[in-house]
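Student: Protein chains in written order, with this note's numbering: chain A, 13 to 206; chain B, 55 to 123.
Every residue gets a Cβ at the ideal spot worked out from N, C-alpha and C, and that includes glycine.
Note that the coordinates shown come from a computational prediction; the quantities given were computed from them, not determined experimentally.
1. Could you tell me whether any Cβ in chain B is nearer than 8 Å to the Cβ of residue 142 of chain A?
2. Between the stretch 193–204 of chain A and chain B, which residues of the former have CB atoms less than 7 Å from a CB of the latter, in chain order?
3. Measuring alpha carbon to alpha carbon, tell me which residue in B:117, B:115 and B:98 is nearest residue 78 of chain B.
4. Would a C-beta distance cut-off of 8 Å place residue 137 of chain A and residue 91 of chain B closer than the cut-off?
5. I'd like to know whether the C-beta atoms of residue 160 of chain A and residue 186 of chain A end up nearer to each other than 8 Å.
6. When you compare only the Cα positions, how much space is there between residue 200 of chain A and residue 142 of chain A?
7. Hey, is residue 168 of chain B's beta-carbon within less than 8 Å of any beta-carbon in chain A?
8. For chain A, is any of its Cβ atoms less than 8 Å away from the one on residue 63 of chain B?
9. To which residues of the same chain is residue 80 of chain B closer than 7 Å at the C-beta, ignoring the five residues directly before and after it?
10. Listing by chain order, which chain A residues have their CB less than 7 Å from the CB of residue 91 of chain B?
11. What is the DSSP secondary structure of residue 171 of chain A, counted as helix, strand or coil?
12. Check each candidate in A:198, A:202 and A:180 and name the one with the smallest Cα separation from residue 123 of chain A.
13. Kindly indicate which three-state DSSP category residue 82 of chain A falls into: helix, strand or coil?
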């Protein structure tokens with residue numbers, strides 16, 4: 013199957029850079045912009061999602077209060093953080109080659125990884141055991157959802173039944189899974205269970 | 055787990071928020087414990103007991119004894 017979403021670009025053929033055209037800085041610059049934008053959006057998303065106050069050890073009460081009422085915007089903006097710059101990245105990847113391509117390719121992933129690190133820190137630092145319990149359950153549901161979809165999709169790809177999808181979409185799925193987890197928590201709460 | 059948290063709180067004319075502040079937890083936690091949706095950890099159960107100056111058994115009903123009541 014060809015021509016499907018992302019299928020034609022699987023296994024990027026990096027084009028050599030022609031110094032005469034002096035375009036090698038453009039993709040680098042483009043990636044730096046993507047990185048800075050990701051970092052900014054991720055930082056905001058992260059505060060929103062975890063109630064973590066950048067300047068304080070403990071989350072400010074107002075941030076925590078806001079955080080607890082942001083569903084599903086937190087989950088949605090988490091997904092948007094990943095999906096937005098991903099398209100911009102495609103062009104830059106085609107113009108770079110060699111080790112710098114690896115560095116440039118990994119650069120936009122760092123803020124996303126940062127989100128996961130911060131979520132981990134939030135779980136460690138959250139002193140309220142009930143809220144920690146609720147978030148852990150959300151994260152477990154998100155992880156189970158992501159792994160299940162990714163596994164099923166991989167086998168469907170083997171049979172050429174679905175187009176190829178880049179692996180970083182797992183992060184988007186995970187944030188969508190957090191939304192599902194929040195729904196599950198609300199449902200359990202409405203049923204009178206934890 | 056059944057408990058007398060709501061009664062004890064009402065006796066002192068505390069809101070869920072007041073109790074949450076005294077226990078240094080969220081109001082959601084107090085609500086979840088009160089309604090039996092969440093069983094607190096042993097440290098939190100001790101904290102609750104110490105706040106009301108009662109033993110844990112006087113506040114929380116053992117699950118094995120819930121059917122006897």
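Tutor: Let's see:
1. Judged by the 8 Å Cβ criterion, residue 142 of chain A is in contact with chain B.
2. Residues passing the 7 Å Cβ filter: 201 and 204.
3. Answer by Cα proximity: B:98.
4. No; because the gap between Cβ atoms is not below 8 Å, this pair is not in contact.
5. Contact: no.
6. Between residue 200 of chain A and residue 142 of chain A, the C-alpha separation is close to 14 Å.
7. Since the displayed chain B opens at 55 and closes at 123, residue 168 of chain B lies outside it and no answer follows.
8. With respect to chain A, the C-beta atom of residue 63 of chain B has no partner C-beta closer than 8 Å.
9. Closer than 7 Å at the Cβ level, and outside the excluded window around residue 80 of chain B, lie 74.
10. For a Cβ distance threshold of 7 Å, residue set 201, 204, 205 and 206 of chain A lies close to residue 91 of chain B, ordered along the chain.
11. In the structure shown, residue 171 of chain A sits in coil (DSSP, three-state: anything other than H, G, I, E or B).
12. Nearest option by C-alpha distance: A:180.
13. Summary for residue 82 of chain A: the model assigns pLDDT 47, below 50, so the residue's position carries little reliability, and this model does not support an answer.
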